[in-house]
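Notes to accompany the following structure.
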Amino acid sequence: MELFFHKKSVVKKLKLENAKAAKTLMVIGEKLFNDEKGMPIETTYRSMNGSLLYLSTSRHNLSFSMRVYARYQASLGEYRVKAIKRIIPYVHETINLGISFSKDNTMSLVGYSDANRASNINDKKSTSGGCFYIGSNLVSWYNKKQALISLSSLVDCCRELCSTTMDEANDEGF
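For the sequence shown, position 89 (counting from the first letter as 1) is numbered 89 according to the UniProt record's numbering, and the numbering increases by one without interruption.
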């Protein structure tokens, strides 16, 4: 319930209640650079970013976009402010969405993971992500930039599979 009211207050504070919601959180195929050219802007960018990062704890669909934009706080420009403001109307439009759990007879743990090869144009590192279900309920998800640069997508996928398995084994106490 607290997050519901936080969502409303973020939208109201930024005066974006009437903004038209985008269908996606980020522009598809968007490439962000560390050295963004553009006029530096003094805004509430960090406040927006912090509020949305907080919301991403209950809205896994915000998590990836927010982590990407959080990387670029040091090089703030007009383009970044527009990008982050794209997310606020989406949050307002989907304010009633959240995570729900259903009663399920199966207690099977299922995990999915994926990685892309060298998608970050700044450092050529890959991004990996995954999620875990117990029965039909999503219970955990993650995405992260990998620490090493891989020479092939097969290496990426194998590394991701090992990492996901080890993380889950640690979480389960093995």
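Yeah, the Cβ is synthetic: ideal placement off N, Cα and C, and Gly gets one too.
### Message
Can you tell me which residues form a DSSP beta bridge with residue 135?
### Response
DSSP lists no partner for residue 135.
### Task
Report the option in 131, 169 and 161 whose CA atom is closest to the CA atom of residue 63.
131
### Message
Can you tell me whether residue 2 is buried or exposed? The criterion is at least 16 other CB atoms within 10 Å of its CB, across all chains shown.
### Response
Bear in mind that a pLDDT of 49 at residue 2, under 50, signals an unreliable position, so the model cannot answer this.
### Task
Report yes or no: do three or more beta-carbon pairs, one from the stretch 76–86 and one from the stretch 102–119, lie closer than 8 Å?
no
### Message
For a test of the three-state rule: what should DSSP assign to residue 109, helix, strand or coil?
### Response
strand
#### Entry: Per-residue DSSP class, three states only, for residue 24
coil
### Query
Between the C-alpha atoms of residue 104 and residue 139, what's the straight-line distance to the nearest angstrom?
13 Å
#### Entry: Exposed unless 16 or more other CB atoms sit within 10 angstroms - verdict on residue 18
exposed
### Query
What span of residues does the alpha helix (DSSP H) with residue 95 cover, start to end?
No alpha helix (DSSP H) holds residue 95; DSSP gives it neither H nor E.
### Message
Spatial neighbours of residue 134 within its chain, please: C-beta separation below 7 Å, excluding the five flanking residues on both sides.
### Response
107 and 109
### Message
Rounded to the nearest angstrom, what separates residue 24 and residue 137 at their Cα positions?
### Response
24 Å
### Query
Who are the Cβ neighbours of residue 49 in its own chain at under 8 Å, not counting the five residues just before and after it?
66, 69, 70, 73 and 84
### Query
Tell me which same chain residues have a C-beta within less than 6 Å of the C-beta of residue 146, skipping the five on either side of it?
125, 126 and 128
### Task
Ignore the nearest five residues each way along the sequence and tell me which others in residue 101's own chain have a CB closer than 8 Å to its CB.
137
### Query
Is the beta carbon of residue 113 sitting closer than 9 Å to the one on residue 163?
yes
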